[in-house]
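Using full-length UniProt numbering, the letters of the sequence shown correspond one by one to residues 1 to 722. Take a look at the structure set out below.
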Amino acid sequence: MEPLHLSGPPRAHRAREWALFSLSSGEGNSTLASFPGGGTNVKQEFLSMKPLSMRPLLVALSVLAVSFVGCGAPEEASHDPASAASQALAGPYDAWVARHALTSAQYQTEFSTWVGQGYRLSYVSGYEDGGSARYAAIWEKTSGPAWRAYHGLTSAQYQTTVVNQNAQGYRPAVVNGYSVGGVAYFAVIFHVDGGSPWVARHDLSASQYQTEFNTWTGQGYRLAHVSGYTSGGAERYAAIWEKTSGPAWRAYHGMTASQYQSTFNTNATQGYQLAKLSSYNVGGTDRYAAIFHTSSGIPMVARHGLSSAAYQQAVTDLKNQGYRPLLVAAHNNGRLPEFSLLWQNLTFSAADLQHIDDTVEQAMASTNTVGLSLAITRKGRLVFAKGYGLADRTSNTPVNTSHRFRVASVSKPMTAIGIMRLVESGQLRLTDRVFGRGGLLGETFGAPSTYADSRVLNITVQHLLEHTAGGWDNSGDDGTNDPMFMNTGMSHAQLIQWVLQNVPLEFAPGTTYQYSNFGYSVLGRIIERVTGMTYDAYMRANVFAPSGATSFAVGGDTLSARLSNEPVYYQLGAGAFNPYGMPVRRMDAHGGWVVTPIDLLRVTVRADGFSTVPDLLNASTLTTMTTRTTALDPLGNAVNYAKGWSVNSFPNWWHGGYIPGTRALLMRTDDRYGPTGAEEFAWSAVTNSNNSSGSGTSDINLDTLMKNVVNGVSAWPTHDLF
1 MEPLHLSGPP RAHRAREWAL FSLSSGEGNS TLASFPGGGT NVKQEFLSMK
51 PLSMRPLLVA LSVLAVSFVG CGAPEEASHD PASAASQALA GPYDAWVARH
101 ALTSAQYQTE FSTWVGQGYR LSYVSGYEDG GSARYAAIWE KTSGPAWRAY
151 HGLTSAQYQT TVVNQNAQGY RPAVVNGYSV GGVAYFAVIF HVDGGSPWVA
201 RHDLSASQYQ TEFNTWTGQG YRLAHVSGYT SGGAERYAAI WEKTSGPAWR
251 AYHGMTASQY QSTFNTNATQ GYQLAKLSSY NVGGTDRYAA IFHTSSGIPM
301 VARHGLSSAA YQQAVTDLKN QGYRPLLVAA HNNGRLPEFS LLWQNLTFSA
351 ADLQHIDDTV EQAMASTNTV GLSLAITRKG RLVFAKGYGL ADRTSNTPVN
401 TSHRFRVASV SKPMTAIGIM RLVESGQLRL TDRVFGRGGL LGETFGAPST
451 YADSRVLNIT VQHLLEHTAG GWDNSGDDGT NDPMFMNTGM SHAQLIQWVL
501 QNVPLEFAPG TTYQYSNFGY SVLGRIIERV TGMTYDAYMR ANVFAPSGAT
551 SFAVGGDTLS ARLSNEPVYY QLGAGAFNPY GMPVRRMDAH GGWVVTPIDL
601 LRVTVRADGF STVPDLLNAS TLTTMTTRTT ALDPLGNAVN YAKGWSVNSF
651 PNWWHGGYIP GTRALLMRTD DRYGPTGAEE FAWSAVTNSN NSSGSGTSDI
701 NLDTLMKNVV NGVSAWPTHD LF
């Protein structure tokens, strides 16, 4: 077929980035690779093919050419449970949206929505699920030639559509064949013809495809696109060749999953990276057709054999590393849909990504850390997040960015922010007394005559925030254990009453710093008394929700009470303590929160004192919260603790967390940090394991790790992945 030589008008470019997906269940096999560079000559290698009269298709619920206009970030949308939307946020890179598990009608609606906001369809893959057609698609807000798209076309309709579009100056750029009920259908994207010769074929058997391949490559054409599918159960191919220049390339088809993996690995070692991929199932066996190009040097990631849920999670994780989608290939494996993907990273260099991975993995290996998740913001924007290692060693489940971990004492700065919001609103004062008549908690936990120490009546909110209440510390120096780990069957109220009646203070309130988990538990009860809400409900409504953080939950005590998307915790080594032998739910305000590192940072950037993101607290309140206590430790030394945060003179603010099975860190740096020495960062990192004192192995040092990660990146991107 000879194309018309038309050109389309230039299109406006809009910067941004993002997307999300739908969910299902199950796990899939996956592969990951990044590629080196090299190569020049055009060469091809194959496996099979044959000629065919071009059969195109008409349209069924189709798409139209678009005119592109600038548009702001789309609002988050709710859809059928099979498809969940995400928000495209500001950044210097092209916005993108990806969806899957869409019915034909849903796909048409999504298409109209995103095209109406200035996006262009860059990739589409049809597949069968439950006897009906489903679609996975990618839209981008980027410049490019004028385009048109159609889906649900029969073979004859596809043939007709290609002929008609050719007459109007358009040529097929992406073709996807798929089977529903044994009948072949096609989805196709047309671009305005750029003038180079092209050839399109479909309904080719494997041998016909090989013949066509040999014919056209022998005439100087290069394979631009290939799609494998079945028709009446028979293996078929649709392909597009074009006579253009380009990088050296190789093509393969009819590969099993293991053959594809081997081919992928071999090409990677030889300087070729995946450019196009099609997945299909023939006679119960998954097959793959692929085109490889010499490497561009751009970091790439490929996955295949993913379930719907695993694909959703891969999209989330790759987005959080700064990757963007190039293609999605979907097919039904005879029982369920499977997905393959190819993504590229235009925001980090390959060397910087390798630095991050190597730094984390080496630190984990040297400390026997089972799993770790981290997130990093720069100037209030999420720039990177990733999970490493295993969330569950029994099921071999890898850590992903949706896993929410126990963060132990990193709960304290969250509670401090909640308290300071009440101070700012006038609902309490830092100087308010806590216990006894006229105190915030009054005589709820017994009359003062029953207290083991009358000095308790002098304790204020500020003393609890600064760990200067005078006792009840976790060091055991007063001859008692940390009260929060005693009497584990007691409720909050029962424990507080027991402590007041049985554990005297060591020092006068306000005079001496002693780190106290119990004091922060009392702060949680103050929040409940002042607001009339439960502690966790207040925090959700007044701290987490205004920050856009949705994953916070108070953890459970036992393995059976593990939350959704929560890893399994491990303490390793001789004499290890059971991570499920603690009253985690009772630890709520001082150490009970379970959350993703990303959501920790959503709150942090809204309480960091920088103007990049509006804060939940005003400047004077933040100053008060981060002003260190004047009290000294029991040895007479100054301490770096303020109110819920450790602070230094830079000023950096941070808090660590430790309980058996968990290490956690939250850090907010000053604005003189990073590779340029003039950047503000925040980061969070958390593990699902640590080592017993008898293990002979130190725990991972999250502070050192994260500083090495951040300072070793040559250039941090300016995108926002929140």
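Where a beta carbon is used, it is the ideal one built from N, C-alpha and C, also for glycine.
Length of the line joining the Cα atoms of residue i and residue j
i, j, result
"valine 59", "leucine 153", "The pLDDT assigned to valine 59 is 25, lower than 50, so where the model puts this residue is not dependable; a value taken from the coordinates is nonetheless given after this. Each residue's Cα considered, the two are about 5 Å apart."
"valine 383", "arginine 222", "38 Å"
"alanine 631", "methionine 587", "25 Å"
"leucine 121", "alanine 329", "15 Å"
"valine 647", "leucine 523", "20 Å"
"serine 501", "glutamine 427", "In the sequence on display, residue 501 carries glutamine and not serine. Those two C-alpha atoms are separated by around 28 Å."
"alanine 84", "arginine 99", "Note that alanine 84 has pLDDT 34, beneath the 50 cutoff, so the model's placement of it is unreliable and no number is given."
"serine 409", "alanine 589", "9 Å"
"valine 370", "asparagine 637", "37 Å"
"phenylalanine 577", "proline 583", "13 Å"
"leucine 457", "proline 509", "9 Å"
Limits of the beta strand (DSSP E) - the one that residue i falls within
i, result
"glycine 194", "Per DSSP, glycine 194 belongs to no beta strand (DSSP E) and is neither H nor E."
"tyrosine 658", "653-659"
"valine 282", "272-282"
"asparagine 691", "689-691"
"isoleucine 417", "First-last for isoleucine 417: 411-424, but that is the alpha helix (DSSP H), not the beta strand (DSSP E)."
"lysine 141", "132-141"
"alanine 391", "381-392"
"valine 407", "Taken as a continuous stretch (DSSP letters only), valine 407 belongs to no beta strand (DSSP E), as it is neither H nor E."
"glutamate 128", "120-129"
"phenylalanine 339", "337-345"
"histidine 331", "323-332"
Nearest candidate by alpha-carbon position, reference residue i, set the options
i, options, result
"leucine 563", "Phe577, Phe213, Gly442, His403", "His403"
"glutamate 528", "Asp129, Tyr178, Tyr538", "Tyr538"
"residue 759", "Asp352, Leu465, Thr444, Asp478", "The question about residue 759 has no answer here: the residues shown for the chain are numbered 1 through 722."
"glycine 169", "Val124, Asn176, Pro197", "Pro197"
"isoleucine 417", "Thr550, Ala136, Ala101, Trp645", "Trp645"
"asparagine 281", "Leu274, Ser475, Thr230", "Thr230"
"threonine 596", "Val423, Val554, Ser620", "Val554"
"methionine 484", "Val175, Ala351, Ser307, Ile659", "Ile659"
"serine 207", "Ser279, Gly228, Gly591, Val192", "Gly228"
"phenylalanine 507", "Ile459, Val568, Gln312", "Ile459"
"glutamine 514", "Gln210, Gly471, Ala607", "Gly471"
"tyrosine 641", "Pro651, Arg628, Trp653", "Arg628"
"valine 710", "Tyr451, Ser689, Thr266, Leu353", "Leu353"
"glycine 436", "Ser454, Leu422, Leu430, Glu424", "Ser454"
"glycine 284", "Ala257, Phe292, Pro504", "Ala257"
Buried versus exposed, by CB contacts within 10 Å (16 or more), residue i
i, result
"threonine 394", "exposed"
"proline 413", "buried"
"threonine 161", "buried"
"asparagine 618", "exposed"
"threonine 704", "exposed"
"glycine 118", "buried"
"glycine 442", "exposed"
"valine 360", "buried"
"threonine 626", "buried"
"leucine 635", "exposed"
"glycine 380", "buried"
"threonine 511", "exposed"
"serine 714", "exposed"
"glutamine 159", "buried"
N-terminal and C-terminal residue of the alpha helix (DSSP H) that residue i is part of
i, result
"glycine 524", "517-531"
"asparagine 166", "155-167"
"valine 595", "Counting along the chain, valine 595 falls outside any alpha helix (DSSP H), though it belongs to the beta strand (DSSP E) covering 593-595."
"isoleucine 356", "350-367"
"tyrosine 641", "Segment: none, tyrosine 641 is in no alpha helix (DSSP H) and carries neither H nor E."
"methionine 625", "619-625"
"aspartate 703", "702-711"
"tyrosine 538", "535-539"
"lysine 243", "Unbroken run through lysine 243: none, as it is neither H nor E."
"residue 737", "Since the first residue shown for the chain is 1 and the last is 722, residue 737 is missing from the structure and cannot be characterised."
"tyrosine 260", "257-269"
heavy atom of the ligand SAH below 6 Å from residue i C-beta
i, result
"glutamate 235", "Among the ligands in the structure shown, none appear at all, so the ligand SAH cannot be discussed."
Can at least three beta-carbon pairs, one atom from the stretch 149-160 and one from the stretch 183-192, be found at a separation below 8 Å?
-> As far as the Cβ criterion goes, the stretch 149-160 touches the stretch 183-192, which means the pair count is three or higher.
Could you say if the stretch 307-321 and the stretch 259-270 meet the contact criterion of at least three C-beta pairs nearer than 8 Å?
-> By the criterion of at least three beta-carbon pairs nearer than 8 Å, the stretch 307-321 is not in contact with the stretch 259-270.
Indicate whether the contact test is met: 3 or more Cβ pairs, each with one atom in the stretch 493-511 and one in the stretch 534-553, closer than 8 Å.
-> They do not touch, by the three-pair rule.
Given 8 Å as the limit, is there contact between the stretch 323-341 and the stretch 127-144, that is, 3 or more CB pairs closer than that?
-> Yes, the stretch 323-341 is in contact with the stretch 127-144.
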